[in-house]
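What follows is a short report on a single structure.
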Amino acid sequence: MQYHLNGFSTGDPAVVKKTDIAPQHSESVDVLIVGCGPAGLTLAAQLSAFPEITTRITERKSGPLEVGQADGIACRSIEMFEAFGFADKVLKEAYWVNEVAFWRPNEDGASLHRADRIQDVEDDLSEMPHVILSQARVHDFYLDIMRNSANGLEPDYDRELIDLTTDPEADYPITATFNCLNAEGETEVIRARYVVGCDGARSAVRKSMGHDLKGEAARQLWGVMDVLAVTDFPDIRLKAAIQSANHGSILIIPREGGYLVRMYIELDALHGDERAADRGVTSEMLIAKARDILAPFTLDVKEVAWWSAYEIGQRVCDAFDDVADADRAAQSPRIFIAGDACHTHSPKAGQGMNVSMADTFNLGWKLAAVLRGQATPALLHTYSEERRAKAKELIDFDRDMARLFSAKPKTAAEAAQFQSYFKKHGRYTAGVETRYDPSLITAPDDHQHLASGLKTGMRFHSAPVIRLADGKPMELGHTIKADGRWRLIAFAGKGDEGHKNSGIANLCSYLSENPDSPVVKHTPRGAEPDSVFDLRAVFQGKHRDLRLESLPKMLLPTKGRYGLIDYEKAFCPDLKNGPDIFDHRGIDRRNGVLLIVRPDQFIAKVQPLDDFLGLAAFFDRFMIGA
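Pasting the structure below:
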């Protein structure tokens, strides 16, 4: 974390000096977020990094979430939390899912045996683990970021959206009307340039757009409860999938703190028009069913912290914004939906909160780029294009996962199917399998051979490096923060130490001096030299053998009112704490490579270091000259 750039200051560096640009409760805002779940808070936290963008976020509930709901946090989400600066807090509190146990019925049908115990996440899938932590705590960390920002953003609770209208000719085209639930009879009107509905499966924003969730229900009832219990089941502190012979299945998820346990419990099938609420499910019913499934092991529940019953269903919305397919060439979207507002599924695969946050992490930087005048509104079309395709993949995956887990195993081979499916799709559940197709902001993979382990369209897969200036070992991916900037990550070719006429030096000269360079063309006058494009270089040599003072000036930029030098742009492989990043990520050692990395950490383009025309052409497609 860098601070003191414009003068020494005391106190918590995460708390930004407040600005008077945007009143907290402005009636006209750039972005209105409806819904204070993981999707809404991810977006609000990202937008709070930009003091010039006015944002409000509303929530129907009367206060922040305290218990229940999602708890599984995928590796990819922890990588994203690192970009926001609170991954370490999550890792400190959370339960780490290191291994998974699979239990099946014995031949007598009256008892269970452990069929296998396996590693949860394969090696080198991510530098981050799969963890379990209450959704409420994730909300807390996002809320801290928001209130510590320059605008001091806080949610407006007790707000129920009742109307949403659009006037394309107005400065603030969208008018939202809310019932103030804490003041009977009162309403509030907020006008916005953009509205994002993160208001759940019954989304009022989605309904205002005339869209529905479409799909099917599995007609299967499930219960979930967080309990403090005494049991002789030996794997109670492991993630455990248990399939009984005659009583259904149960998924055990240990919770943070060492004692709390979550149980997903298969109940009976629903019939006809029957819904979950019609069954009159109670916590006592869930406990009894859990005991039946776990028998002959015992379960003595001392306290139920939270419980719920739900019906499995997989549904997705036909559009994630307000522009019809026929109008996309002439019109850019103003209203978006994210999270459960546009896709719903079962919770057992642990994807709900993760995919919802990924939705708005994808959208947030795009809104910021358009509102700050950096990109054309056409950029906003890529949100629905990219995220709806991923939602459809999620629905297909979840349907298969739910079917296999609920299946009554008749043979050992059938019982092994779920375990096999779990292993096969580990990359997907870790959140690292997402790959975006070529588009306005993702180039074809014509030069993928230059970096075979860093795939175009996929998230930047981090690896250990050493920072040249101070010898600090770190993850290269952790330099990519949630600040809206593009990263240009240059890997030097053989013998390149940044000296004159080397590949790195020529790249730096082009970026800093050529009028066609995206850095020259798109960085506002008077702004910091890395305010739009952040160049980082990785050299092949040992860090003690390279001369910092010989690096191109662009890798030692002067910043702030004092012209202080930023020494954190150059790196070397960390051979002590990990494999050589060049070998580990398939970097072409002879020629090197340049990666264009989007603000959401996805690789937009892999190209030769000296392809300056291709570099400029990529950004000219959607960026606006400063």
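First residue of the sequence shown? That's 3 in our numbering, and the numbers climb one at a time after it. Backbone N, C-alpha and C fix where the C-beta goes; we use that ideal spot for every residue, glycine too. Quick caveat: nothing in here was measured; it's all calculated off a predicted structure.
Under the three-state reduction of DSSP output, residue 383 falls in the helix class. In the DSSP annotation of this structure, the continuous segment of the alpha helix (DSSP H) that includes residue 44 starts and ends at 40-49. By the 16-neighbour rule on beta-carbons within 10 angstroms, residue 496 is exposed. Under the DSSP assignment, residue 520 falls outside any beta strand (DSSP E), being part of the alpha helix (DSSP H) whose first and last residues are 520-524.
In this structure, residue 73 places its C-beta atom within 7 Å of the C-beta atom of residue 136. The residues 143, in chain order, have a CB closer than 6 Å to that of residue 88 in the same chain once the five nearest residues on each side in sequence are set aside.
Under the three-state reduction of DSSP output, residue 94 falls in the helix class. A direct Cα-to-Cα measurement between residue 213 and residue 338 gives close to 11 Å.
Within 10 angstroms of the beta-carbon of residue 422 lie fewer than 16 other beta-carbons, which makes it exposed. Apart from sequence neighbours up to five positions away, the residues of its chain that approach residue 164 with a beta-carbon distance below 7 Å are 179, 180, 181, ordered along the chain. By the criterion of at least three beta-carbon pairs nearer than 8 Å, the stretch 3-16 is not in contact with the stretch 323-337. Your pair residue 49 and residue 366 checks out as a contact, with CB atoms roughly 6 Å apart and the cut at 8 Å. Here DSSP, grouped into helix, strand and coil, assigns residue 502 to coil. Within the same chain, 510, 514 come within 8 Å of residue 555 by CB-CB distance, once the 5 residues on both sides are set aside. Between residue 177 and residue 193 a beta carbon distance of about 5 Å is seen, short of the 8 Å cut, so the two are scored as contacting. Contact check for residue 294 against residue 386 fails: the beta carbons are separated by 7 Å or more.
No Cβ-Cβ contact shorter than 7 Å links residue 535 with residue 381.
Only exposed fits residue 454, as fewer than 16 other CB atoms lie within 10 angstroms of its CB. Rounded to whole angstroms, the separation of the alpha carbons of residue 222 and residue 269 is 7 Å. Per DSSP, the unbroken alpha helix (DSSP H) holding residue 355 starts and ends at 354-373. By the beta-carbon neighbour count (other beta carbons within 10 angstroms, threshold 16), residue 82 is buried. With a cutoff of 7 Å on beta-carbon distance, residue 267 and residue 252 are scored as near each other. In the structure shown, residue 208 adopts helical secondary structure according to DSSP, grouped into three states. Taken in chain order, the unbroken stretches of beta strand (DSSP E) that lie wholly in the stretch 513-570 and span 3 residues or more are 535-540.
Residue state for residue 200 is assigned as coil, using DSSP reduced to three classes. When DSSP states are grouped into helix, strand and coil, residue 115 belongs to the strand group. Our two residues, residue 271 and residue 313, have alpha carbons roughly 9 Å apart in a direct line. For residue 479, the closest of 395, 600, 391, 551 by C-alpha to C-alpha distance is 600. In this structure, residue 540 and residue 574 form a Cβ contact; the two beta carbons are roughly 7 Å apart against a cut-off of 8 Å.
For residue 345, the closest of 462, 233, 257, 202 by C-alpha to C-alpha distance is 202. Of all C-beta pairs linking the stretch 235-244 to the stretch 98-114, three or more are shorter than 8 Å, placing the two stretches in contact. Contact check for residue 618 and residue 533: beta-carbon distance about 19 Å, past the 8 Å limit, so the pair fails to qualify.
Between the alpha carbons of residue 320 and residue 576 lies a gap of roughly 46 Å. Assignment of residue 585 by DSSP, reduced to helix, strand and coil, places it in the helix class. Taking the Cα positions, residue 292 is about 60 Å away from residue 593. In the displayed model, residue 423 falls within a helix according to three-state DSSP.
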